[in-house]
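Counting in UniProt numbering, the sequence shown tops out at residue 76, every number present. Read the structure below first, then the notes.
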Amino acid sequence: MKPRKAAARRPLPGSPFNVPEVPPPPLPHFVVQDKVSHDKYGLGHVVGVEEDIAVLVDFGTEIHRIIAPYPRLFKL
Numbered sequence: 001m002k003p004r005k006a007a008a009r010r011p012l013p014g015s016p017f018n019v020p021e022v023p024p025p026p027l028p029h030f031v032v033q034d035k036v037s038h039d040k041y042g043l044g045h046v047v048g049v050e051e052d053i054a055v056l057v058d059f060g061t062e063i064h065r066i067i068a069p070y071p072r073l074f075k076l
């Protein structure tokens with residue numbers, strides 16, 4: 001005997017779970033020699049860019065690779 005297949009659920013028109021997916025905001029665009037500020041490391045300048053992946057930032061005492069989406073990195 002075969003088990004019954006579950007019926008596909010139809011979305012309810014008033015459900016709060018039927019919201020369309022919002023696309024993420026665009027990533028900020030950095031170029032070499034941009035002056036930046038980071039919440040943890042302070043002021044620095046961009047020394048390398050990996051498009052949509054990461055940026056290399058020289059903060060004076062050390063260089064850090066900041067991964068996208070750059071939540072705490074701001075262009076000055």
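For glycine and all other residues, C-beta sits at the position ideal for the given N, C-alpha and C.
(request) Return the residue from the list Val57, Lys75 and Thr61 that minimises the CA-CA distance to isoleucine 67. (result) Val57
(request) State the DSSP-derived secondary structure class of lysine 35, mapped to helix, strand or coil. (result) Strand at lysine 35.
(request) Spatial neighbours of proline 28 within its chain, please: CB distance less than 7 Å, with the 5 preceding and 5 following residues excluded, ordered by chain position. (result) Within the same chain, proline 28 has close Cβ partners Tyr70 and Lys75.
(request) From the DSSP output, read off the bridge partner residues of arginine 72. (result) Paired residues: none, contrary to the question.
(message) One question on the structure: do valine 46 and valine 32 come within less than 8 Å of each other, judged by their Cβ atoms?
(response) yes
(request) Take the Cβ of glycine 44 as the centre, count every other Cβ of all protein chains shown within 10 Å, and call the residue buried at 16 or more, exposed below. (result) buried
(request) Look at the alpha carbon of arginine 72 and the alpha carbon of phenylalanine 30, and state the distance between them as a whole number of angstroms. (result) Their Cα atoms are separated by approximately 14 Å.
(request) Identify every residue that forms a DSSP beta bridge with glycine 42. (result) His38
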